[in-house]
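Quick notes on the structure that follows.
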Amino acid sequence: MKKNLIAGNWKMNASLEANDALVRAVLAGMGAQGADAFATVAVCVPAPYLAQVRALQSGSPLELGAQDVSCHEQGAFTGEVSAAMLREFGVRFCIVGHSERRQYHGETDAVVAQKAKIALAHGITPIVCVGETLEEREAGRTEETVKRQMAAVIHVNGHCISEICVAYEPVWAIGTGRTATPEQAQEVHALLRRQLAAATAHAERVHILYGGSMNAANAAGLLAQGDIDGGLVGGASLKAADFLQIIASAGRAAG
Ligand code: PGA
Numbered sequence: 108m109k110k111n112l113i114a115g116n117w118k119m120n121a122s123l124e125a126n127d128a129l130v131r132a133v134l135a136g137m138g139a140q141g142a143d144a145f146a147t148v149a150v151c152v153p154a155p156y157l158a159q160v161r162a163l164q165s166g167s168p169l170e171l172g173a174q175d176v177s178c179h180e181q182g183a184f185t186g187e188v189s190a191a192m193l194r195e196f197g198v199r200f201c202i203v204g205h206s207e208r209r210q211y212h213g214e215t216d217a218v219v220a221q222k223a224k225i226a227l228a229h230g231i232t233p234i235v236c237v238g239e240t241l242e243e244r245e246a247g248r249t250e251e252t253v254k255r256q257m258a259a260v261i262h263v264n265g266h267c268i269s270e271i272c273v274a275y276e277p278v279w280a281i282g283t284g285r286t287a288t289p290e291q292a293q294e295v296h297a298l299l300r301r302q303l304a305a306a307t308a309h310a311e312r313v314h315i316l317y318g319g320s321m322n323a324a325n326a327a328g329l330l331a332q333g334d335i336d337g338g339l340v341g342g343a344s345l346k347a348a349d350f351l352q353i354i355a356s357a358g359r360a361a362g
């Protein structure tokens with residue numbers, strides 16, 4: 108059975124001092140729980156802090172992640188960070204196509220697919236985010252939306268698609284305290300799994316994470332679902348105690 112993947116998404120919340128305390132507390136808690144046996148745990152940190160967090164997590168079971176990557180290899184792209192650069196800093200996971208990037212930075216399905224491809228080419232596992240807005244859900248367009256977002260990534264990545272991670276993040280649940288019910292999430296996860304299965308013989312291998320107001324109280328119910336293989340955790344990943352409780356829920360779901 109594959110381990111759950113619990114990935115923290117710090118977003119634009121960090122400081123040298125806060126990161127140090129948070130990572131040390133998470134590492135201590137993971138050690139006490141024996142988390143390594145049942146979960147892969149990562150923190151996706153703002154780029155300037157990769158070196159700091161790498162020094163803290165290096166040699167530990169905590170994995171390092173980034174929140175975005177350029178869709179270009181290198182060159183005149185002011186402000187962008189390349190996959191090769193992330194790799195040099197020990198990054199193993201990279202969020203791509205987060206709804207905040209799609210919404211505020213105009214990332215299209217095609218750009219997201221290209222980012223996933225370039226991450227894979229550099230040995231980084233992309234965590235590809237898909238999810239519908241409230242408007243789309245209310246119009247009955249959830250399936251159409253997530254399938255369209257996923258299809259673009261499958262199209263560009265071909266047989267490598269089994270190497271990615273997916274995060275289903277309903278946009279209306281992100282940072283709102285409004286979570287999808289375990290059944291609502293499972294329904295979308297199952298359709299994503301079927302879509303992957305049409306493209307690869309290894310769809311079972313793909314981690315499909317749930318994201319959107321996952322917290323210490325609701326994580327267990329979500330992780331108990333058959334096609335939910337972990338979580339992409341925003342707000343609750345900034346508090347060590349909450350993040351550790353979510354990790355512990357992954358252990359209970361596995362056990
Ligand atoms: P949230 O964010 O847990 O704060 O809702 C999740 C995400 O956006 O990845």
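Under this note's numbering, think of the first position of the sequence shown as 108, with each following residue one higher.
Glycine included, each C-beta is placed from N, C-alpha and C at the ideal position.
DSSP state of residue i, grouped into three classes?
| i | result |
| --- | --- |
| ILE354 | helix |
| ASN264 | helix |
| PRO233 | strand |
| GLY318 | strand |
| ALA310 | helix |
| GLY328 | helix |
| GLY333 | coil |
| GLY282 | coil |
| GLY338 | strand |
| ALA274 | strand |
| ARG248 | coil |
| MET108 | coil |
| VAL258 | According to the sequence provided, residue 258 is Ala. The question's Val does not apply to it. It is helical. |
| ALA323 | coil |
| ALA361 | helix |
| ALA305 | coil |
| ALA287 | coil |
Report the CB separation of residue i from residue j in whole angstroms; it is logged as a contact under 8 Å.
| i | j | result |
| --- | --- | --- |
| ALA146 | ALA357 | 4 Å |
| GLU170 | ARG199 | 5 Å |
| ILE261 | ILE234 | So it is not a contact: roughly 16 Å between Cβ atoms. |
| LYS118 | GLY341 | 6 Å |
Once you ignore the five residues that flank residue i on each side, which residues in its own chain have a CB closer than 6 Å to its CB?
| i | result |
| --- | --- |
| HIS229 | ALA190, ALA191 and ARG194 |
| LEU339 | ALA114, ASN116, ALA274, LEU316 and GLY318 |
Leaving aside the five residues before and after residue i along the sequence, list all residues of the same chain whose C-beta is less than 7 Å from its C-beta, in chain order.
| i | result |
| --- | --- |
| THR240 | VAL278 and TRP279 |
| GLU133 | The sequence given here places Val at residue 133; Glu does not occur at that position. Contacts found: LEU169, ALA347, PHE350 and LEU351. |
| ALA297 | ASP334 |
| ARG161 | LEU171, PHE196 and GLY197 |
Looking only at its chain, what residues have a beta carbon closer than 8 Å to the beta carbon of residue i, apart from the 5 residues adjacent to it on each side?
| i | result |
| --- | --- |
| THR106 | No statement about residue 106 is possible, as the shown extent of the chain runs from 108 to 362 and does not include it. |
| GLN302 | LYS254, MET257, ALA258 and ILE261 |
*Is the number of C-beta pairs between the region 333-346 and the region 300-315 that are closer than 8 Å three or more?*
yes
*Between the region 263-277 and the region 342-358, are three or more C-beta pairs nearer than 8 Å?*
no
*What are the start and end residues of each continuous alpha helix (DSSP H) run of 4 or more residues lying completely inside the region 112-173, in chain order?*
123-140 and 157-164
*Enumerate, from N- to C-terminal direction, the unbroken alpha helix (DSSP H) stretches of 4 or more residues contained entirely within the region 166-231.*
190-195, 206-211 and 216-228
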